[in-house]
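Remarks on the structure that follows.
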Amino acid sequence: MAGVWIIAEQRDGEFRKITYEVASAAKKVADELGTEVTAVVLGSGMEGACADLGKFGVAKVLYGDGEAFAAYTTEAYTNACAALIKDGAPDVVLMGASMQGKDLGGRLAARLDTGIAVDCTALAVDGGKLKATRPMYAGKVYADVFINGTPQIASLRPNVFDISETGAQAAVESVAADAGEVKAVVAEVQAAEEGKIDLTEATVIVSGGRGMKDADNFKILEELAGKLNAAVGASRSAVDAGWRSHTDQVGQTGKVVTPNLYIACGISGAIQHLAGMGSSKVIVAINKDPDAPIHTKADYCVVGDLFDVVPELTKDI
Amino acid sequence: MNIVVCIKQVPDTEAVIKIAGDGKSIDTGDIKWVMNPYDEFGVEEALRIVKDQGGEVTVIGAGPARVVEALRTALAMGADKAIHIKDDDLYGADPIAVAKMLAKAIEPLGADIIFFGQRAVDDDSGVVSSAVAELLGLPQLSVVTKVELADGKVKGTRPVEGQTLVLEAPLPVVISAQKGLNEPRYASLPGIMKAKKKPLETKAPADLGVERADAIEIAVLNPPPDRAPGKTVEGETPAELAANLAKLLKEEAKVI
Ligand SMILES: Cc1cc2nc3c(=O)[nH]c(=O)nc-3n(C[C@H](O)[C@H](O)[C@H](O)COP(=O)(O)OP(=O)(O)OC[C@H]3O[C@@H](n4cnc5c(N)ncnc54)[C@H](O)[C@@H]3O)c2cc1C
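Have a look at this one:
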C-alpha cells in the first residue's frame with residue numbers, strides 16, 4: 004500500500020483541528036512523493052465522519068471501530084496502529100504533536116524500530132525522503148532532520164501547518180483493529196472550566212507576567228480575552244507567584260503556543276518565555292520599559308503602562 | 012519501592028547556543044551544564060515516595076564524563092545510587108537510540124516506577140520515556156502533574172488540551188514528570204558531602220550489549236527564521252496607544 008499515512012485524532016467522535024492540519028500537510032508530502040494519503044482513524048461509531056477527511060486531501064481511511072478506541076489510550080492506539088502500519092508498510096507516518104501525538108509517537112517508533120522527528124514546524128521532500136524541520140534548544144536553533152528506518156515518523160506542531168481543502172470524499176475501509184492488552188486506563192475525565200480555551204489550541208492569547216502585580220489584576224486580561232475569544236496565559240513569574248495555575252504557563256517549562264496573535268502584558272521576554280511563544284504569528288508587547296527584551300521580538304511594541312493601555316484596548320476592540 | 016529516575020544533562024537554559032563548524036551540532040565549548048529541569052521533578056517525586064513508603068532511588072544518566080555532575084546533583088538531593096552509561100560521543104544522539112541503552116540498564120534493576128522528565132530542554136523531543144516504556148513492555152503515564160500510589164496501583168493526573176485525565180496503571184510503570192508535580196528541593200551542603208561517598212557505577216554501552224544506531228540524522232542546524240523588525244505603536248496617551256494598536260491589528264496584521 005505504501006504512501007503517506009496520518010493518525011487521526013478525535014475526541015467524543017469528532018475530529019480535532021490538528022487532524023485537518025496533519026492531513027493537509029500530508030497531502031503536500033504525498034503529492035511530492037507521487038503517492039496518496041491514507042488516514043488511520045480509531046474510534047467508536049465514527050464510520051459516518053470518516054469520509055469527510057477526503058476534503059483535506061485524504062484518499063482513503065482505514066477505520067478501526069471499538070469501545071477501546073472511544074477515548075485515546077497509549078497502549079490501545081499503539082497496538083492497533085502498529086499492526087496496521089506493519090501490514091500496510093507506509094513510507095511516511097504523520098501525526099499531531101498534540102498531547103496525544105507526543106504520547107503515542109515515541110512508543111510507536113520504538114515498537115516499529117524506526118525514527119521519529121517530534122514537533123516539526125515544516126516538512127519537505129528531499130531526494131525522495133522526508134526532511135523535517137524542528138526547533139531545538141527552545142527555538143534557539145532549527146534542525147533539518149532525516150529519519151532513518153521505515154516508516155519515517157514525524158509529529159507536527161499544532162497551529163503551524165495551514166489547513167487546505169483540496170479533495171472530496173475519502174474511501175472508507177473498515178479494518179479489524181485490535182486494542183490488545185491495555186494496562187494504563189483512563190479512570191476519570193475532568194472537563195476544563197466552562198468556556199476556557201486551551202492555550203495550545205487558542206488562535207489569540209493574552210498573557211500576563213510579573214508586571215500584573217497580583218492575581219486580581221488578571222481580570223483586565225480576562226476582559227480583553229473575552230472580547231477577542233482568547234485564552235489567558237502567564238509567564239513563569241506570574242505562575243510561581245501563585246497568580247495563575249501551572250497549566251497557564253507559557254514557555255520552556257510551560258506550554259509551547261503558536262497563536263495568530265500573542266499579546267504579552269508586563270512580560271520582560273526572558274529567553275525561556277520566548278521559547279514558548281516565539282513562533283506566534285503576530286506578537287504584541289505591552290511593557291512600560293522601552294528596553295525590555297520582549298520589544299525586540301514583538302511585531303507591535305506598545306511602550307506604556309498596561310493598567311492604562313489594556314482597558315482602553317478592550318474598549319477599542 | 013524501588014525507583015529509577017533517568018536524568019539528562021543539558022545546557023543551562025540561559026546558555027547561548029552556537030552552531031558548530033560542522034553545521035550539524037552545537038559548540039559545547041562555553042556551555043554551563045545542568046540537570047534537565049523536568050528531571051528534577053522526577054527526582055523529587057521519587058525521593059518523596061521513598062520517604063513515605065521506604066525503598067531506594069537509583070538515578071541513571073547517559074553521555075560523556077561530565078554527566079557525572081548531574082548524577083552527583085541527584086545524589087546530593089538524596090538519591091541512593093547512580094549509574095552512568097558513559098559514551099563520549101553520545102550527546103546529540105537520537106533519543107530512541109538512547110532509550111535502547113537506558114532500557115537495557117534499567118531492566119535488571121527490577122524497578123517499580125521509572126521516572127523521566129517529560130522532555131529534555133535541549134533536543135525538546137520528549138520521546139525517551141515512552142520508548143523506554145515500550146522497550147520494557149510497561150504502561151506509561153505521560154506528562155503528569157500529580158502521582159498517587161495505592162494498592163499496587165498508581166494514578167497519574169495528566170492535563171491534555173481542554174481536559175484533565177486521571178490515568179491508572181498497575182506497577183511497574185513509567186511516568187514522565189511535568190511542571191506542577193512538586194517543588195524540587197535544592198541539594199544541601201551536607202547532601203553534597205554525602206553524595207561523594209554514594210555508589211556511582213560506570214558502564215559502557217557495550218557492557219549493556221547495545222550498539223548505538225541513530226534513527227534520526229541531523230542534516231543541518233540553522234538559526235531561527237528571521238522575524239521582520241517590530242513597529243513601535245505611536246501615541247501620546249494610553250487611549251491613543253490603544254486605538255492605534257487596535258487599528259494596526261485590524262487593518263495591517265488582520266488578526267482581529
Ligand atoms: C529552567 C528555567 C525554566 C524557565 N521556564 C520558564 C517558562 O516556561 N516560562 C516563563 O515565562 N519563564 C520561565 N523561566 C523564567 C524566566 O527566566 C523569567 O524569569 C520569567 O519569564 C520572567 O517573567 P516576567 O517577564 O513575567 O517577569 P519580569 O522579568 O520581572 O518582567 C516583568 C516585566 O513587566 C514590566 N512591567 C512592570 N509593570 C508594568 C506595567 N504596569 N505596565 C507595563 N509593563 C510593566 C517590566 O518592565 C518587566 O519588563 C524559566 C527559568 C528557568 C531558569
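Chains A and B, in that order, are what the protein sequence lines are.
If you read the first sequence in the numbering used here, its first letter stands for residue 4, the second for the next number, and so on.
If you read the second sequence in the numbering used here, its first letter stands for residue 12, the second for the next number, and so on.
Just so it is clear, CB atoms sit at the ideal spot from N, CA and C, and this is done for glycine as well.
Just so we're clear, the structure is a prediction, and the values are computed from it rather than from any experiment.
Backbone CA spacing between residue i and residue j [nearest angstrom]
| i | j | result |
| --- | --- | --- |
| Ala264/B | Gln252/A | 26 angstroms |
| Ser248/A | Ile223/A | 17 angstroms |
| Gly269/A | Val313/A | 11 angstroms |
| Met4/A | Asn82/A | With a pLDDT of 48 at Met4/A, under the threshold of 50, the modelled position of this residue cannot be trusted, and the question is left open. |
| Ile320/A | Asp201/A | 22 angstroms |
| Ala250/B | Pro240/B | 24 angstroms |
| Leu146/B | Ala180/A | 22 angstroms |
| Leu200/B | Lys208/B | 14 angstroms |
| Gln174/B | Tyr303/A | 33 angstroms |
| Val221/B | Leu149/B | 20 angstroms |
| Gln13/A | Met98/A | 12 angstroms |
| Pro1/A | Ser238/A | The shown model of chain A, from 4 to 320, leaves out residue 1/A, and the question about it has no answer. |
| Gly130/A | Lys35/B | 19 angstroms |
| Ala233/A | Leu211/B | 50 angstroms |
| Ala54/A | Gly245/A | 47 angstroms |
| Asp100/B | Ala73/B | 10 angstroms |
| Gly212/A | Thr38/A | 48 angstroms |
Identity of the residues DSSP links to residue i by a beta bridge
| i | result |
| --- | --- |
| Thr290/A | Looking at the sequence itself, residue 290/A is Asn, so the reference to Thr does not match. In the DSSP output, where bridge partners are listed per residue, Asn290/A has Val306/A. |
| Ile186/B | Phe126/B, Leu152/B |
| Val259/A | According to DSSP, Val259/A bridges with nothing at all. |
| Gln193/A | Thr175/B |
| Lys157/B | Thr168/B |
| Asn151/A | In DSSP, Asn151/A forms no bridge with anything. |
| Leu45/A | Gly67/A |
| Met98/A | Ser158/A |
| Ile14/B | Val68/B, Ile124/B |
| Cys123/A | Leu159/A |
| Leu232/B | Ala146/A |
| Lys111/B | Lys111/B is not bridged to any residue. |
| Tyr290/B | In the structure as shown, chain B begins at 12 and stops at 267. Residue 290/B is therefore absent and cannot be evaluated. |
| His95/B | Gly72/B, Thr213/B |
| Lys242/B | Tyr303/A |
| Pro181/B | Lys164/B |
Contact under 9 angstroms by Cβ, residue i with residue j
| i | j | result |
| --- | --- | --- |
| Val40/A | Val61/A | yes |
| Glu176/A | Tyr66/A | yes |
| Leu231/A | Leu264/A | yes |
| Val287/A | Val259/A | no |
| Ser136/B | Ile186/B | no |
| Leu36/A | Asp94/A | yes |
| Tyr220/A | Phe164/A | According to the sequence displayed, residue 220/A carries Asn and not Tyr. Cβ atoms of Asn220/A and Phe164/A: not closer than 9 angstroms. |
| Ala267/A | Met280/A | yes |
| Ala215/B | Ile107/B | no |
Sequence-distant residues of its chain with Cβ nearer than 7 angstroms to residue i (five each side left out)
| i | result |
| --- | --- |
| Pro170/B | Thr156 |
| Ala206/B | Arg83, Leu86, Ala87 |
| Gly307/A | Ile289, Lys291 |
| Glu245/B | Asn255 |
| Ala74/A | Val189 |
| Ala114/B | Val143, Leu146, Leu147 |
| Asp134/B | Pro106 |
Close Cβ partners of residue i (< 6 angstroms) along its chain, the five nearest in sequence each way excluded
| i | result |
| --- | --- |
| Thr213/B | His95, Lys97 |
| Ala90/B | Val68, Val70 |
| Lys29/B | Asp38 |
| Gly6/A | Thr38, Glu39, Thr41, Pro93 |
Range of the contiguous alpha helix (DSSP H) that encloses residue i
| i | result |
| --- | --- |
| Arg239/A | 239-243 |
| Tyr75/A | Unbroken run through Tyr75/A: none, as it is neither H nor E. |
| Ala254/B | 249-258 |
| Lys205/B | 200-206 |
| Gly275/A | A small correction: the amino acid at residue 275/A is Gln; Gly does not occupy that position in the sequence shown. Segment 274-280, the alpha helix (DSSP H) holding Gln275/A. |
| His298/A | 297-300 |
| Ser140/B | 139-147 |
| Val78/B | 78-88 |
Residue range of the beta strand (DSSP E) that includes residue i
| i | result |
| --- | --- |
| Ser350/A | Past the edges of chain A, shown from 4 to 320, lies residue 350/A, and the structure says nothing about it. |
| Glu226/A | Premise fails: Glu226/A lies in the alpha helix (DSSP H), 221-231, not in any beta strand (DSSP E). |
| Leu211/B | 211-214 |
| Glu118/B | Careful: Glu118/B lies outside any beta strand (DSSP E) and carries neither H nor E. |
| Thr136/A | 132-139 |
| Met46/B | 44-46 |
| Gly211/A | 207-211 |
Residues of its chain near residue i, where Cβ-Cβ distance is below 8 angstroms and the 5 sequence neighbours each way are ignored
| i | result |
| --- | --- |
| Lys89/A | Leu115 |
| Ala285/A | Note on residue identity: the sequence assigns Val, not Ala, to residue 285/A. Taken in chain order, the residues that qualify are Asn263, Leu264, Tyr265, Asp302, Tyr303. |
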